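Undergrad: From first to last, the protein sequence lines are chains A and B. Numbering that gives the first Met the number 0 applies: residue 0 is where the first sequence begins, and numbers increase by one. Numbering that gives the first Met the number 0 applies: residue 0 is where the second sequence begins, and numbers increase by one. Beta carbons are placed, not taken as given, at the ideal position from N, Cα and C, and that holds for glycine. This one's a predicted model, so the numbers in the text were calculated from it and none came from an experiment.
Protein chains: 2
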Amino acid sequence: MEAAEFRRRGKEMVDLIADYLENIEQRPVYPDVEPGYLRSLIPEEAPEEPDTYEDVVKDIERVIMPGVTHWHSPYFYAYFPTANSFPAMLADMLSGAIGCIGFSWAASPACTELETVMMDWLGKMLKLPEDFIAGTHGQGGGVIQGTASEATLVALLAARSRAVRMILASDPQRPETGITSKLVAYSSDQAHCSVERAGMIAGVRMKKIPTEQSDKYAVQGETLRRMIQEDKAAGLIPFYFCATLGTTPSCAFDHITELGPICNAEKIWMHIDAAYAGSSFICPEFRPLLNGIEFADSFNFNPHKWLLVNFDCSTMWVRKRSDLIGAFKMDPLYLKHDHQESGRYFYTDNSLFRSLKMWFVFRMYGLKGLQDYIRKHVELAKEFESLVRADQRFEISADVVLGLVCFRLKGSNEVNETLLKRINNGRKIHLVPCQLSGQFVLRFAVCARTTESRHIREAWRLITQLAEEVMQDVTKLKVRM
Amino acid sequence: MEAAEFRRRGKEMVDLIADYLENIEQRPVYPDVEPGYLRSLIPEEAPEEPDTYEDVVKDIERVIMPGVTHWHSPYFYAYFPTANSFPAMLADMLSGAIGCIGFSWAASPACTELETVMMDWLGKMLKLPEDFIAGTHGQGGGVIQGTASEATLVALLAARSRAVRMILASDPQRPETGITSKLVAYSSDQAHCSVERAGMIAGVRMKKIPTEQSDKYAVQGETLRRMIQEDKAAGLIPFYFCATLGTTPSCAFDHITELGPICNAEKIWMHIDAAYAGSSFICPEFRPLLNGIEFADSFNFNPHKWLLVNFDCSTMWVRKRSDLIGAFKMDPLYLKHDHQESGRYFYTDNSLFRSLKMWFVFRMYGLKGLQDYIRKHVELAKEFESLVRADQRFEISADVVLGLVCFRLKGSNEVNETLLKRINNGRKIHLVPCQLSGQFVLRFAVCARTTESRHIREAWRLITQLAEEVMQDVTKLKVRM
Ligand SMILES: Cc1ncc(COP(=O)(O)O)c(C=O)c1O
Ligand SMILES: Cc1ncc(COP(=O)(O)O)c(C=O)c1O
């Protein structure tokens with residue numbers, strides 16, 4: 000296929016995409032296929048001679064769509080959102096065509112430079128302390144990562160490297176091997192599983208800090224302080240704490256104003272994972288949730304979740320760029336260039352031109368448009384919360400702060416599991432569960448860009464209808480027994 | 000922007016992209032900007048109110064293009080190629096619109112399933128041993144990673160986890176902490192810097208095996224065997240060897256038929272990094288370079304380099320899926336689903352629908368079209384090699400096996416550095432250097448999809464013209480001194 004044919008096929012694809020997204024709510028949100036469904040629909044091997052483009056396009060509906068979970072359907076309420084907007088898609092098309100790899104300034108200066116400036120734009124929208132803004136000629140700045148999981152790991156590795164440096168500086172005789180096995184990192188028992196995985200990858204102890212429903216699932220300063228003291232007494236070296244703002248199960252917030260000073264006093268690297276919630280901090284009314292950022296060494300959230308920037312775009316800021324560069328620096332000759340020491344730039348990652356989509360989205364929505372978008376999702380969640388609260392059979396399981404509502408039928412875990420199963424088997428709406436204090440809880444996350452009040456009400460109608468059925472079945476069962 | 004406007008803007012973008020790629024060779028391949036150039040061209044902050052789309056598009060030429068290194072220009076000969084094809088771009092558009100995240104089967108079954116089947120298609124094109132093909136119901140299979148660096152790390156972590164398991168199985172009394180500090184990994188001194196970085200991340204020793212020009216920069220079995228014996232004698236535990244097929248500096252090949260049995264005998268995980276060269280193994284005449292794969296535990300290469308699949312798409316196969324799953328498994332409730340134990344699927348990564356672009360590319364080119372593409376690049380490299388060999392002032396610095404030619408002026412490193420600087424300052428063609436046995440060497444990699452013989456000849460004309468000038472300047476300087 001050459002450029003001339005691409006002009007035609009590309010335009011057809013634009014229409015196909017627009018059709019897909021305009022009509023997405025007619026599709027069952029969750030697919031009705033069994034594992035292995037796809038293999039039998041296509042050949043065992045790649046063709047020797049080219050297929051026609053028409054055949055390929057026809058197979059999108061025949062092979063792919065039956066197995067797609069439609070994340071951008073307004074009836075999708077599972078996990079957390081993943082962003083999808085037209086400006087971001089346009090930018091991605093351009094990024095794909097330019098197709099430069101941004102592993103150094105010289106590999107494509109525009110790529111590095113736009114990234115640095117977009118991270119400043121976004122940092123300013125969030126009112127980050129000046130230390131985190133590269134353009135102020137401070138020591139910090141922002142860098143795009145693929146995922147929040149990656150950012151958590153990168154922060155942990157930088158922290159590990161800093162800790163080892165500090166220990167060796169204070170005790171130059173000490174052998175370097177063996178230090179790692181003494182290091183201990185902390186995170187909430189509500190933290191995302193990627194935090195635990197980061198500890199496994201880095202080969203350090205990662206201790207989970209217990210949280211309580213009565214504390215709204217937030218890590219308590221007292222608990223962290225006690226664990227640090229116990230570990231130090233046992234000869235271990237606390238070095239990293241990953242705070243979560245907006246946990247995955249229930250969107251709970253650790254109190255970083257309280258935890259930050261503890262970390263600072265103990266020279267523990269505090270990383271903040273706000274993967275989902277971070278986008279909301281561009282609104283003045285939600286910005287207080289980020290208070291305490293001034294104590295953090297690094298901070299990360301995912302515009303690819305809730306800020307209309309398509310995957311992948313996870314934005315990470317560090318207080319000291321040199322902590323990151325130092326932890327990863329590698330400079331073989333084939334990566335050297337004339338502007339090597341241009342200290343404003345630091346990259347740990349190979350990637351496409353990801354900042355283009357931030358630029359397109361920020362400009363095409365404007366800060367106000369982005370704030371409106373966040374506010375609308377929060378309002379929809381509040382609307383759903385009111386519906387739940389107005390129904391005596393249900394209960395709300397955690398504070399509704401942003402776009403996530405955790406709720407359940409008053410009753411056993413089994414009843415709630417059955418309810419969720421029926422909801423998902425209906426394929427009209429899609430939700431996933433979480434566990435809170437031993438209870439099986441349903442998570443209702445406002446996800447799609449196009450979700451409106453009518454979708455929320457329709458979802459609630461379906462949920463209550465299925466709940467009715469489940470409860471009748473339970474009663475029948477009890478009568479029979 | 001809603002779907003209706005996207006229909007219009009998307010089509011304009013398709014034309015913009017086609018125009019860009021059709022006329023790319025008129026642009027200077029390497030940009031003429033200084034670090035910081037971009038910041039002054041755009042506002043300090045995101046706009047409050049939306050900009051118009053026209054303004055955004057105008058800024059592509061004003062702000063972005065002056066700072067782009069044009070990787071898809073037929074005059075780009077730096078690094079290794081990064082793939083760019085129209086079918087892949089079409090698939091990426093679709094992938095962006097579907098915008099599902101593939102972290103589990105349930106998160107989008109089609110995504111998981113197409114990936115597994117595409118990895119089998121590609122595995123069969125490479126004639127991988129059956130163990131690596133998921134569809135044969137063996138224990139192995141393929142998974143897409145973002146980059147080769149990631150694959151190297153993932154393999155190293157799986158190896159570390161297997162090694163610790165094996166050690167604990169044979170000595171259950173042994174404390175788990177402390178094992179890692181005894182582990183030792185190996186790779187060639189020609190290996191990509193990401194291999195060393197993987198060792199740093201995993202917190203294990205990574206020893207570089209010295210290679211010699213006389214051995215064509217291939218790791219020798221004798222050297223590996225000796226290092227293993229010495230390390231074992233010193234109480235260390237060898238557990239991982241990363242072989243390279245097609246090294247970054249000179250496209251050298253480790254002899255895995257010789258190295259593999261050593262690793263197997265010592266229970267050392269052998270990973271094969273063929274990031275660039277791997278694509279060529281779809282041609283029967285280059286497939287012998289992969290002989291010895293039967294001894295490997297994992298194997299990886301980048302279709303996003305040389306197989307026309309746009310970034311990111313790094314394909315990795317493992318002999319035993321359970322080694323990967325075991326090393327990374329995390330299963331919080333919100334990721335559980337009914338088909339959890341569907342053993343054919345294993346993912347360690349969050350990602351978009353990356354297999355779509357493999358599917359589009361394999362079908363639109365067919366195996367033959369892909370083979371032709373590889374062969375053409377190798378022929379162009381051979382053509383360049385002949386031009387160099389025919390000129391007495393130059394020498395070839397390493398065997399030309401695929402699309403990379405390493406060459407230099409007979410003379411000092413300084414002369415060659417000066418030559419390269421002038422070549423790149425001319426901005427008509429772009430190359431990067433490497434170091435081979437202390438010599439500064441120029442790397443000429445055939446990269447763009449649209450490179451033709453006339454571009455190669457034009458590049459050579461420029462290089463010889465600049466070489467002439469450099470040598471005259473050197474002579475003048477000598478006369479003056
Ligand atoms: C709090 C939190 N952290 C991290 C993640 C993982 O994000 P990613 O998929 O970008 O790694 C999530 C995902 O939902 C999350 O909720
Ligand atoms: C041999 C080798 N391995 C690994 C890499 C890194 O590849 P990636 O950018 O996909 O991590 C390269 C890049 O050129 C390479 O040549």
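Taking contact to mean at least 3 C-beta pairs separated by less than 8 Å, is the region 34–47 of chain B in contact with the region 359–375 of chain A?
TA: Output reads yes: the region 359–375 of chain A touches the region 34–47 of chain B.
Undergrad: Could you say which of A:Ile255, A:Arg388, A:Arg442, A:Val13 lies nearest to Asp91 (chain A) if we only look at CA atoms?
TA: For Asp91 (chain A), the nearest C-alpha among the options comes from A:Val13.
Undergrad: So what does DSSP say about Ala87 (chain B), is it helix, strand or coil?
TA: Ala87 (chain B): helix per DSSP, three-state reduction.
Undergrad: Give the straight-line distance between the Cα atoms of Arg159 (chain A) and Lys427 (chain B), rounded to the nearest whole angstrom.
TA: Their backbone Cα atoms lie some 44 Å apart in a straight line.
Undergrad: Any heavy atom of ligand 2 closer than 7 Å to the CB of Tyr78 (chain B)?
TA: At least one heavy atom of ligand 2 is nearer than 7 Å to the Cβ of Tyr78 (chain B), so yes.
Undergrad: Is there at least one non-hydrogen atom of ligand 2 closer than 7 Å to the beta-carbon of Ala483 (chain B)?
TA: This structure does not reach residue 483 (chain B), given that chain B is present from 0 up to 480, and the question cannot be answered.
Undergrad: Inspect the beta-carbon positions of His429 (chain B) and Tyr74 (chain B) and report whether they are closer than 8 Å.
TA: Yes; because the gap between Cβ atoms is below 8 Å, this pair is in contact.
Undergrad: Measuring from the CB of Glu245 (chain A), is there a heavy atom of ligand 1 at a distance below 7 Å?
TA: It is Gly, not Glu, that sits at residue 245 (chain A) in the sequence shown. Correct: Gly245 (chain A) has its Cβ closer than 7 Å to ligand 1.
Undergrad: In its own chain, which residues sit with a C-beta less than 7 Å from the C-beta of Ile41 (chain A), not counting the 5 before and 5 after it?
TA: So the qualifying residues of the chain are Val62.
Undergrad: Between B:Phe102, B:His71, B:Leu355, which has its C-alpha nearest Ala82 (chain B)'s C-alpha?
TA: Nearest of B:Phe102, B:His71, B:Leu355 to Ala82 (chain B), Cα basis: B:His71.
Undergrad: Quick check: what's the CA-CA separation for Glu461 (chain A) versus Ile422 (chain A)?
TA: The question names Glu, but residue 461 (chain A) in the sequence shown is Leu. Those two C-alpha atoms are separated by around 8 Å.
Undergrad: Does Gly202 (chain B) come within less than 8 Å of chain C when only Cβ atoms are used?
TA: As a matter of chain content, chain C is missing from the structure shown, whose protein chains are A and B.
Undergrad: Measure the alpha-carbon distance for Tyr344 (chain B) versus Thr115 (chain B) and round it to whole angstroms.
TA: Because Tyr344 (chain B) carries a pLDDT of 46, less than 50, the predicted location of this residue cannot be relied on, and the following value inherits that uncertainty. Taking the straight line joining both Cα atoms gives about 7 Å.
Undergrad: Bridge partners of Leu408 (chain B), per DSSP?
TA: In DSSP, Leu408 (chain B) forms a bridge with B:Phe393.
Undergrad: State the Cα-Cα distance for the pair Tyr346 (chain A) and Asn309 (chain B), rounded to the nearest angstrom.
TA: A caution first: Tyr346 (chain A) carries a pLDDT of 48, below 50, which makes its placement in the model too unreliable to give a value.
Undergrad: Compute the Euclidean distance between the alpha carbons of Glu265 (chain A) and Pro108 (chain A), then round it to the nearest angstrom.
TA: Cα to Cα, Glu265 (chain A) sits roughly 39 Å from Pro108 (chain A).
Undergrad: According to DSSP, simplified to helix, strand and coil, what is Arg453 (chain A)?
TA: Reduced to three states, the DSSP call for Arg453 (chain A) is helix.
Undergrad: Would you mind sorting Arg173 (chain A) into buried or exposed? The rule is 16 or more other CB atoms within 10 Å of its CB.
TA: Answer is exposed; the Cβ neighbour count stays below 16.
Undergrad: Please report the distance separating the alpha-carbon of Lys304 (chain A) from that of Pro80 (chain A).
TA: Distance between the alpha carbons of Lys304 (chain A) and Pro80 (chain A): 5 Å.
Undergrad: Residues of chain A with CB closer than 8 Å to the CB of Phe361 (chain B), please, in chain order.
TA: Within chain A, the residues near Phe361 (chain B) are Ala45, Pro46.
Undergrad: Flag Ile166 (chain B) as yes if its beta-carbon sits less than 8 Å from any beta-carbon of chain A, otherwise no.
TA: Closer than 8 Å: no.
Undergrad: So, is Arg353 (chain A) buried or exposed, given that buried needs 16 or more other C-beta atoms within 10 angstroms?
TA: Per the 10 Å Cβ criterion, buried.
Undergrad: Can you name the residues that DSSP bridges to Cys241 (chain A)?
TA: DSSP lists A:Ser186, A:His270 as partners of Cys241 (chain A).
Undergrad: Taking only beta-carbon atoms, is Phe238 (chain B) less than 8 Å away from chain A?
TA: Chain A, which has no Cβ nearer than 8 Å to the Cβ of Phe238 (chain B), makes this no.
Undergrad: Assign Gln228 (chain B) to one of two classes, buried (16 or more other C-beta atoms within 10 Å of its C-beta) or exposed (fewer than that).
TA: Label assigned to Gln228 (chain B): exposed.
Undergrad: Restricting to Cα atoms, I'd like to know which of A:Ile236, A:Ser249, A:Gln464, A:Ser84 is closest to Leu167 (chain A).
TA: The shortest Cα separation from Leu167 (chain A) among A:Ile236, A:Ser249, A:Gln464, A:Ser84 belongs to A:Ile236.
Undergrad: Verify the CB distance criterion: does Tyr74 (chain B) have a CB-CB separation below 8 Å to chain A?
TA: It does not; no Cβ of chain A falls within 8 Å.
Undergrad: With 8 Å set as the bound, which would you pick, yes or no: does the beta-carbon of Met205 (chain A) sit closer than that to a beta-carbon of chain B?
TA: No - not a single Cβ of chain B is within 8 Å of the one on Met205 (chain A).
Undergrad: Going straight from the alpha carbon of Gly9 (chain B) to that of Ser186 (chain A), what length do you get?
TA: Distance between the alpha carbons of Gly9 (chain B) and Ser186 (chain A): 44 Å.
Undergrad: Find out if the Cβ-Cβ distance for the pair Gln212 (chain A), Pro248 (chain A) is shorter than 8 Å.
TA: Not closer than 8 Å, so no.
Undergrad: Could you pull out every residue in the same chain whose Cβ sits closer than 7 Å to the Cβ of Ile23 (chain B), ignoring the five residues on either side in sequence?
TA: Here the set comprises His69, His71, Ser72.
Undergrad: What I want to know is whether the C-beta of Asp272 (chain B) ends up closer than 7 Å to one or more non-hydrogen atoms of ligand 2.
TA: Yes, the beta carbon of Asp272 (chain B) sits closer than 7 Å to at least one heavy atom of ligand 2.
Undergrad: Looking at Tyr275 (chain A) and ligand 1, is the gap between the Cβ and the nearest heavy atom below 7 Å?
TA: Yes, ligand 1 has a heavy atom inside 7 Å of this Cβ.
Undergrad: At the 8 Å Cβ level, is Pro80 (chain B) part of the contact set with chain A, yes or no?
TA: Judged by the 8 Å Cβ criterion, Pro80 (chain B) is not in contact with chain A.
Undergrad: Using the beta-carbon of each residue, which ones in chain B are nearer than 9 Å to Leu20 (chain A)?
TA: Chain B residues near Leu20 (chain A): Ala2, Phe5, Ala96.
Undergrad: Under 8 Å between C-beta atoms, does His71 (chain B) make it to chain A?
TA: Chain A, which has a Cβ nearer than 8 Å to the Cβ of His71 (chain B), makes this yes.
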